[in-house]
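Have a look at the structure below before the remarks.
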Amino acid sequence: MDQLLLNILPVPQKNFANFVAGKNIEIVTSLQAFNNDSVSTQLVFLWGPEGSGKSHLLESLTNTNIEKIEDIQQFSHDQNRELFMLINDIKSQNKKLIITCDRSPDELNGIDEDLHSRLKWGLVLNLSPLTDEDKFQIIKIKSQENGYHIEDKVINYCLRHLRRDLHTLINTFQALDEWSLKSKRAITINLIKDLQRENII
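Per full-length UniProt numbering, the sequence shown starts with residue 1, numbered consecutively.
See below:
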């Protein structure tokens, strides 16, 4: 059986239009306003668990006046000092900055009170991860948009037994559609189990 390469499928450009907001619609609206200069906010602290869409939303920000810093939970003491100075510069130069993290400012360890205060100076936004129900609906919509049909039980099986992050799930179903056309087999749980046994998905 040929190798099923999930990464051969083109990755669509990430933007606000193709971000699945789920419970985060107000956050998306706030970031669009931040991107369009329709609010005076200069600093955004965007936090949430891995897979909640932080990188997607950062890529959606096209305003060249916005500086972007990711994953500050990994920063060293020296990097934290540089971040503190950068926030001060952003404030004085009328520029914009968005920072992402996997936890809230109050949960960050090893930062001093000055930086903690600066991180909360602007807008603090907490992303909620997509639920399985959200992912189910997204996969149904994506399959309809791409012209193939997937039974509900197949989607539920994949949500239980495959990698659960949304990007991988969508790419998996697109690749399964290509495979089913090539092999003339419907997308079924048995097909997926066969591919799993051969470590193809």
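We treat Cβ as the ideally placed atom computed from N, Cα and C, and that holds for glycine.
This one's a predicted model, so the numbers in the text were calculated from it and none came from an experiment.
Open item on the list: Between which residues of its own chain and residue 3 is the CB-CB distance below 7 Å, once the five residues before and five after are set aside?
Closed with: Residue mapping note: residue 3 aligns to position 3 of the sequence shown, counting from 1. Note on residue 3: pLDDT 47, under 50, position unreliable in the model; no value is reported.
TODO: Could you pull the start and end residues of the alpha helix (DSSP H) that residue 124 belongs to?
DONE: Taking the first residue of the sequence shown as 1, we reach residue 124 at position 124. Unbroken run through residue 124 is the beta strand (DSSP E), 123-126; no alpha helix (DSSP H).
Task: C-alpha distance - residue 111 paired with residue 80, whole-angstrom precision - done: As a position in the sequence shown, residue 111 is number 111, starting the count at 1. As a position in the sequence shown, residue 80 is number 80, starting the count at 1. Taking the straight line joining both Cα atoms gives about 7 Å.
TODO: Please report how far the alpha carbon of residue 135 lies from the alpha carbon of residue 23, in whole angstroms.
DONE: Residue mapping note: residue 135 aligns to position 135 of the sequence shown, counting from 1. Residue mapping note: residue 23 aligns to position 23 of the sequence shown, counting from 1. If I take the Cα positions, the gap works out to 12 Å.
Open item on the list: If I follow the unbroken beta strand (DSSP E) through residue 162, where does it start and stop?
Closed with: As a first step, residue 162 must be located in the sequence shown, where it is residue number 162. Where residue 162 is concerned, there is no enclosing beta strand (DSSP E), given that its DSSP letter is neither H nor E.
Open item on the list: With three or more beta-carbon pairs closer than 8 Å as the criterion, would you say the region 186-199 touches the region 139-154?
Closed with: yes
- [ ] Could you pull the start and end residues of the beta strand (DSSP E) that residue 61 belongs to?
- [x] On the sequence shown, position 61 is the one that residue 61 refers to. Careful: residue 61 lies outside any beta strand (DSSP E) and carries neither H nor E.
Open item on the list: Below 8 Å on the Cβ atoms is my contact criterion, and I expect residue 103 with residue 73 to pass it. Report the Cβ-Cβ distance as a whole number of Å.
Closed with: Translated into the one-based positions of the sequence shown, residue 103 becomes position 103. Translated into the one-based positions of the sequence shown, residue 73 becomes position 73. Indeed they touch by this definition, with Cβ atoms about 6 Å apart.
- [ ] Could you tell me whether the region 112-124 touches the region 49-67, where touching means 3 or more Cβ pairs closer than 8 Å?
- [x] With a cut-off of 8 Å, the region 49-67 and the region 112-124 do not count as touching, because too few Cβ pairs lie within range.
Task: Straight-line gap, residue 170 to residue 142 (C-alpha atoms, nearest Å) - done: Taking the sequence shown and counting its residues from 1, the one referred to as residue 170 is at position 170. Taking the sequence shown and counting its residues from 1, the one referred to as residue 142 is at position 142. Approximately 8 Å, taken between the alpha carbons.
TODO: Identify, in the order they occur along the chain, each residue of the same chain with its Cβ nearer than 8 Å to the Cβ of residue 133, setting aside the five sequence neighbours on each side.
DONE: Position 133 of the sequence shown, counting from 1, holds the residue named residue 133. If the five residues before and after residue 133 are omitted, its C-beta is found closer than 8 Å to no C-beta atom of its own chain.
Open item on the list: Can you check which of these residues, 13, 124, 174, is closest to residue 31 by C-alpha distance?
Closed with: Taking the first residue of the sequence shown as 1, we reach residue 31 at position 31. Among 13, 124, 174, the Cα nearest to that of residue 31 belongs to 124.
Task: Inter-residue Cα distance where the pair is residue 105 and residue 20 - done: To locate residue 105, count along the sequence shown from 1; it is residue 105. To locate residue 20, count along the sequence shown from 1; it is residue 20. Residue 105 and residue 20: Cα-Cα distance of roughly 25 Å.
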